[in-house]
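Novice: In UniProt numbering, the protein residues as written are 1 to 698. In this text, a Cβ means the ideal position worked out from N, Cα and C, and glycines have one as well. Bear in mind that the values here come from a model prediction, so they are computed numbers and not experimental data. After the structure tokens below, expect a handful of questions from me.
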Amino acid sequence: MAGLHLRASRLRLACEEHQCAILAAGGVDAGFHPESLAVLTYLFGAPTPASAEEAPSAADAKFSDLVLLLTPSSLRLYCGAAAWDELRTLLELLPSPLSLEAYVPSPSASEEEQAELKLHATREMLALTASEGLRLAYGTAAHAAWPLLLAASAAAPPPAHARALEALGECTCACDASALRRGGALAQGERALHGAWAHLAAKLDQLEAYDRLGLSAAALSRALVEPPSGAPPPANLPPPPPPPSGGAAADGAPFDGVWAGAATAAAVRAPADQKAALHSAGSGRSRAIHAIGRASSAGGVLSCARTLFFSNGRVPHHWQHRVFSDGEVFDPLVEDEVPEVDRADETCRLMQLYCLLVAGADDIVAAAAAAAPKRLPAADATALLHAQLAKAVTAGLLPEGAPLAEAELRVRLLDGRACGDTVPSHWGVHTVSCRLDGAPAVGGFPEEKGALLFEDSFALDEEGAVVRLCGAVPRLLCWAADGAEESEARQVCAAVDGNLVCADLRAPIERLRAGEHHVLQTLCAPAERGAVLLTDSPWLPLVHGELRLFSGGIAFHCERHGPLLLPFRIHLAAAASVELESGRTLVLLRQKPDTHAYGPLAHLPRRAGGELPDIESLKEGTARPHALALALVLNPDTPLHRHATEIVWPIWKQLFTECNIACDVLTAPPKEFHAALFTLQTEEIGFVQPPSSVGMRE
1 MAGLHLRASR
11 LRLACEEHQC
21 AILAAGGVDA
31 GFHPESLAVL
41 TYLFGAPTPA
51 SAEEAPSAAD
61 AKFSDLVLLL
71 TPSSLRLYCG
81 AAAWDELRTL
91 LELLPSPLSL
101 EAYVPSPSAS
111 EEEQAELKLH
121 ATREMLALTA
131 SEGLRLAYGT
141 AAHAAWPLLL
151 AASAAAPPPA
161 HARALEALGE
171 CTCACDASAL
181 RRGGALAQGE
191 RALHGAWAHL
201 AAKLDQLEAY
211 DRLGLSAAAL
221 SRALVEPPSG
231 APPPANLPPP
241 PPPPSGGAAA
251 DGAPFDGVWA
261 GAATAAAVRA
271 PADQKAALHS
281 AGSGRSRAIH
291 AIGRASSAGG
301 VLSCARTLFF
311 SNGRVPHHWQ
321 HRVFSDGEVF
331 DPLVEDEVPE
341 VDRADETCRL
351 MQLYCLLVAG
361 ADDIVAAAAA
371 AAPKRLPAAD
381 ATALLHAQLA
391 KAVTAGLLPE
401 GAPLAEAELR
411 VRLLDGRACG
421 DTVPSHWGVH
431 TVSCRLDGAP
441 AVGGFPEEKG
451 ALLFEDSFAL
461 DEEGAVVRLC
471 GAVPRLLCWA
481 ADGAEESEAR
491 QVCAAVDGNL
501 VCADLRAPIE
511 RLRAGEHHVL
521 QTLCAPAERG
531 AVLLTDSPWL
541 PLVHGELRLF
551 SGGIAFHCER
561 HGPLLLPFRI
571 HLAAAASVEL
581 ESGRTLVLLR
591 QKPDTHAYGP
601 LAHLPRRAGG
611 ELPDIESLKE
621 GTARPHALAL
631 ALVLNPDTPL
641 HRHATEIVWP
651 IWKQLFTECN
661 IACDVLTAPP
671 KEFHAALFTL
681 QTEEIGFVQP
691 PSSVGMRE
């Protein structure tokens, strides 16, 4: 009796902590639900079977006529008359404040009468749960599988809550998205993946475009799967396994590493041990303009693959206007011709195809969430990907019925002792993989162009919401190429670097000494390295770089995408500021519509799955313009925050008034920046928090 008293008390405390109720039933009523059986065994003890083989059937027999509901304040029980005679003594010493209510049919009741009372008791238990605002542990799974609940109510029971029993360590439960809140193995694996991708990106950021071409796929693979110098080895991220004789991983899992150029055709299917450098890794030994990278956590539970591009496909925009010290704007009489990027057509087309793969993956994730707790059929996943790629055929990016595209949706359980395919979807970690083989050639280059790949891991919480598990890894990774991109970026940056910080903005002589930029005017504060710029684009939601605040605009420079200049008097449509709960300040800047955007954004869809921009129209300058929105992130108690709020913002507000630029103070960030802020929070803590704890869904 003392043992039952203690165990019931522990379960009651678990229910109170998680604000949930535990419903348990035995035998066929619960569809032989293993966690339900574990609860009953934990409370009342396991039966003594005649042999080891009879253990499961003995437990089923003992609890076959038992239904139990435990809440923070009560225990309700249905059982047969014979079982009640045995249990009554055990339940006399229930811990306070648990109250007991039992539903027991009379010994002479017929089977129909017993079944009717059992259904009535179950309905009463569900009604009590709803009236007290509690959620059922295992409720979603139970409703899909328990005949008792299906018979008791046509309506779904309250949605399942986080595993209340998991913290007790008494029952074997599979992990789900709620494990992220506890920072367990799932969060550790995500930190390792984020660190691996950050290490690879940092290596590429540090190199000039020409030096980057000297890297080999093997060197990039080492940067992805090995820790940085001096850092402890990430136990969750082992190096790629040695190649077996068949050319595939021994357990059938994809390989980790980086494959460049034409070798991307073998990506994840063969080890990444190519020795060719990027300058000769493309088809026909041409320069590689893209690569595929993949990394996974221990056991392959979490995995993340991206297609990397070694060009933005466009040069940075070079403003040719002139803004005088009195604010007058002089338009250029003749615009200089925009330099053409080598193999820009190939880069733009590959990027657009890759964006369609990402959109297909998003559709598959949404369909998987809608189908939960059932699994999404593989044929449905592939059909969703093909529906997105049909846009590429319409846009002329793919010929009719040409390359092979495949989609795969894998589910892995963190707890190998769980019941395989019978467990509900939100108990597992899902991986969606979308691949396009045989990307078409452009111009006179050979037909073999390799492949494109996007792979991501996600989980479903107990309410069916999607939690991305690789949210800190950018969906699009690209670096400026040598040639026109690099030379144009140097010219733009040279004009910015030639200005000194003005010691006194009110003194004309000091402004002359500091120098004035031809469109941004006077530099007001020192350059801020490591600044964060948010955009409303899903492809570049967050960019790190160097920020300079001028009296007439901003200059931002990122190693991957080059410089971005925003002269307020020429190109700013609206501005706003918003204070976040974290103490941060966001300075929101919306540009006027244009066709140059930033980095590769001009030739990418505005949103995942959106309309593809016409590449020829972009080249001719007749494409439909788009207004890009930016946000400067000002962290509290930093020099950037002090300079921006005390020195620069008053000057900007005066400029906004002179130029009739709308300037608002918002109480919350606009919806278009929610995804970027979610990415920023994810990047800072190293792993994804479920949306309920972060306070913002993607």
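With a threshold of 16 other CB atoms inside 10 Å of the CB of Gln352, please say whether the residue is buried or exposed.
Specialist: On the sequence shown, position 352 is the one that residue 352 refers to. Buried, since its Cβ has 16 or more Cβ neighbours within 10 Å.
Novice: Report the rounded CA-to-CA distance for Phe458 versus Phe678, giving the unit in angstroms.
Specialist: Locating residue 458 in the sequence shown gives position 458, counting from the first residue. Locating residue 678 in the sequence shown gives position 678, counting from the first residue. C-alpha separation (whole angstroms): 15 Å.
Novice: I'd like to know if the stretch 336 to 349 and the stretch 582 to 593 are in contact, where contact means that at least 3 CB-CB pairs between them fall below 8 Å.
Specialist: Verdict: no, contact absent.
Novice: Judging by CA-CA distance, which residue of Ala644, Lys592 and His643 is the nearest neighbour of Pro625?
Specialist: Numbered from 1 along the sequence shown, position 625 holds the residue referred to as residue 625. Closest by alpha carbon: Lys592.
Novice: Taking Cβ to Cβ, would you say Phe550 is nearer than 8 Å to Leu523?
Specialist: If you number the sequence shown from 1, residue 550 lands on position 550. If you number the sequence shown from 1, residue 523 lands on position 523. Yes, Cβ-Cβ distance for Phe550 and Leu523 is below 8 Å.
Novice: Among Val587, Gly562, Gly610 and Asp637, which residue has its Cα nearest to the Cα of residue 700?
Specialist: Residue numbering for the chain in the displayed model covers 1 to 698; residue 700 lies beyond these limits and cannot be assessed.
Novice: Could you tell me the alpha carbon to alpha carbon distance between Leu542 and Pro377, rounded to whole angstroms?
Specialist: If you number the sequence shown from 1, residue 542 lands on position 542. If you number the sequence shown from 1, residue 377 lands on position 377. Each residue's alpha carbon lies about 34 Å from the other.
Novice: For the stretch 74 to 90 against the stretch 26 to 36, do three or more pairs of beta-carbon atoms, one drawn from each stretch, fall closer than 8 Å, so that the two count as touching?
Specialist: The stretch 74 to 90 is not in contact with the stretch 26 to 36.
Novice: To the nearest angstrom, report how far apart Glu406 and Ala127 are at their CA atoms.
Specialist: Here residue 406 corresponds to residue number 406 of the sequence shown, with the count starting at 1. Here residue 127 corresponds to residue number 127 of the sequence shown, with the count starting at 1. Cα-Cα distance, rounded: 46 Å.
Novice: Residue range of the alpha helix (DSSP H) that Arg581 falls in?
Specialist: Along the sequence shown, read from residue 1 onward, the residue named residue 581 stands at position 581. According to the sequence provided, residue 581 is Glu. The question's Arg does not apply to it. Per DSSP, Glu581 belongs to no alpha helix (DSSP H) and is neither H nor E.
Novice: Buried or exposed: Ala8, going by 16 or more other Cβ atoms within 10 Å of its Cβ?
Specialist: Walking along the sequence shown from the start, residue 8 turns up at place 8. Looking at its Cβ environment, which holds 16 or more other Cβ atoms inside 10 Å, Ala8 is buried.
Novice: Output the boundary residues of the beta strand (DSSP E) element that contains Thr307.
Specialist: The residue given as residue 307 occupies position 307 in the sequence shown. Ser303 to Phe309 is the span of the beta strand (DSSP E), which, as asked, contains Thr307.
Novice: With contact counted as at least three CB pairs below 8 Å, one residue from each stretch, are the stretch 653 to 660 and the stretch 606 to 614 in contact?
Specialist: These segments do not touch.
Novice: On a CA-only basis, which of Gly471, Glu455 and Leu397 is nearest Ala439? Give me that one, please.
Specialist: Here residue 439 refers to the residue found at position 439 of the sequence shown. Comparing Cα positions, the closest option is Leu397.
Novice: Return the first residue and the last residue of the alpha helix (DSSP H) that His386 is part of.
Specialist: Counted from its first residue, the sequence shown places residue 386 at position 386. It spans Ala378 to Thr394 - the alpha helix (DSSP H) in which His386 sits, taken as one unbroken run.
Novice: Is there contact here, the stretch 469 to 484 with the stretch 306 to 313, by at least three beta-carbon pairs under 8 Å?
Specialist: Contact between the stretch 469 to 484 and the stretch 306 to 313 is present, because at least three Cβ pairs lie under 8 Å.
Novice: Does the pairing of the stretch 497 to 508 with the stretch 218 to 227 give three or more beta-carbon distances under 8 Å?
Specialist: Segments in contact, no.
Novice: Relative to the alpha-carbon of Leu384, which residue among Gln19, Ala395, Pro399 and Ala366 has its alpha-carbon at the smallest distance?
Specialist: As a first step, residue 384 must be located in the sequence shown, where it is residue number 384. Ranking Gln19, Ala395, Pro399 and Ala366 by Cα distance to Leu384 puts Ala366 first.
Novice: Count the other CB atoms, across all protein chains shown, that sit within 10 Å of the CB of Thr638; report buried if there are 16 or more and exposed otherwise.
Specialist: Along the sequence shown, one-based indexing puts residue 638 at 638. By the neighbour-count rule (16 or more Cβ atoms within 10 Å), Thr638 is not buried but exposed.
Novice: Suppose contacts are defined by Cβ-Cβ distances below 8 Å. Is Trp84 in contact with Ala109 by that definition?
Specialist: Translated into the one-based positions of the sequence shown, residue 84 becomes position 84. Translated into the one-based positions of the sequence shown, residue 109 becomes position 109. Result no, Cβ atoms of Trp84 and Ala109 do not sit closer than 8 Å.
Novice: Would you kindly check if the distance between the Cβ of Leu630 and the Cβ of Leu540 is under 8 Å?
Specialist: As a working note, residue 540 is residue 540 in the sequence shown. As a working note, residue 630 is residue 630 in the sequence shown. No, they are not a contact pair.
Novice: Using the C-alpha atoms, what's the distance from Gly300 back to Asp29?
Specialist: Residue 29 sits at position 29 when you count from the first residue of the sequence shown. Residue 300 sits at position 300 when you count from the first residue of the sequence shown. Near 36 Å, if we compare the C-alpha coordinates of Gly300 and Asp29.
Novice: Under the assumption that Leu90 contacts Leu4 (Cβ atoms under 8 Å), give the Cβ distance between them as a whole number of angstroms.
Specialist: Sequence index remark: in the sequence shown, residue 90 carries index 90 (1-based). Sequence index remark: in the sequence shown, residue 4 carries index 4 (1-based). Sure, about 5 Å apart at Cβ, within 8 Å.
Novice: Drop a sphere of 10 angstroms on the beta-carbon of Arg285, count the other beta-carbons inside from all chains shown, and report buried for 16 or more, exposed for fewer.
Specialist: For the purposes of this step, residue 285 is identified with residue 285 of the sequence shown, where counting begins at 1. So Arg285 ends up on the exposed side.
Novice: Rank Glu559, Leu148, Leu207 and Ile289 by C-alpha distance to the C-alpha of Ala262 and give the top, closest one.
Specialist: Residue 262 sits at position 262 when you count from the first residue of the sequence shown. Nearest C-alpha to Ala262: Ile289.
Novice: Determine, using beta carbons only, whether Gln491 comes closer than 8 Å to chain D.
Specialist: The chain inventory of the structure shown lacks chain D, comprising one protein chain alone.
Novice: How would you write the range of the alpha helix (DSSP H) that Leu353 sits in, first residue to last?
Specialist: Along the sequence shown, one-based indexing puts residue 353 at 353. That run of the alpha helix (DSSP H) goes Ala344 to Ala371.
Novice: Between Leu640, Leu40, Ala472 and Ala372, which lies nearest to Val429 when the distance is taken from Cα to Cα?
Specialist: In the sequence shown, the residue the question calls residue 429 occupies position 429. When each option's Cα is compared against that of Val429, the closest is Ala372.
Novice: Find the nearest neighbour of Gly26 within the set Cys20, Ser64 and Asp326, judged by alpha-carbon distance.
Specialist: The residue given as residue 26 occupies position 26 in the sequence shown. Nearest C-alpha to Gly26: Ser64.
Novice: Under 6 Å Cβ to Cβ from His518, same chain only, skipping five residues before and after it: list those, please.
Specialist: The sequence position of residue 518 within the sequence shown is 518, counting from 1. Closer than 6 Å at the Cβ level, and outside the excluded window around His518, lie Arg322.
Novice: By the DSSP assignment, the alpha helix (DSSP H) with Ala38 in it spans what residues?
Specialist: Counting from 1 along the sequence shown, the entry for residue 38 is found at position 38. Note, Ala38: alpha helix (DSSP H), Pro34 to Phe44.
Novice: Given a threshold of 16 other Cβ atoms within 10 Å of its Cβ, counted over all protein chains shown, does Lys275 qualify as buried or as exposed?
Specialist: One-based indexing of the sequence shown puts residue 275 at position 275. So Lys275 counts as exposed.
Novice: So the candidates are Val432, Cys355 and Leu207; which of them puts its Cα closest to the Cα of Gly466?
Specialist: In the sequence shown, counting from the first residue as 1, residue 466 sits at position 466. It should be noted that the sequence gives Val, not Gly, for residue 466. That would be Val432, whose Cα lies nearest to the Cα of Val466.
Novice: Quick one: give me the first and last residue of the alpha helix (DSSP H) that Ile570 is part of.
Specialist: Counted from its first residue, the sequence shown places residue 570 at position 570. Phe568 to His571 is the extent of the alpha helix (DSSP H) around Ile570.
Novice: For His518, which residues does DSSP report across the bridge?
Specialist: To locate residue 518, count along the sequence shown from 1; it is residue 518. Beta-bridge pairing links His518 to no other residue.
Novice: Which one of Pro526, Phe310 and Leu404 has the shortest CA to CA distance from Leu215?
Specialist: One-based indexing of the sequence shown puts residue 215 at position 215. It is Phe310.
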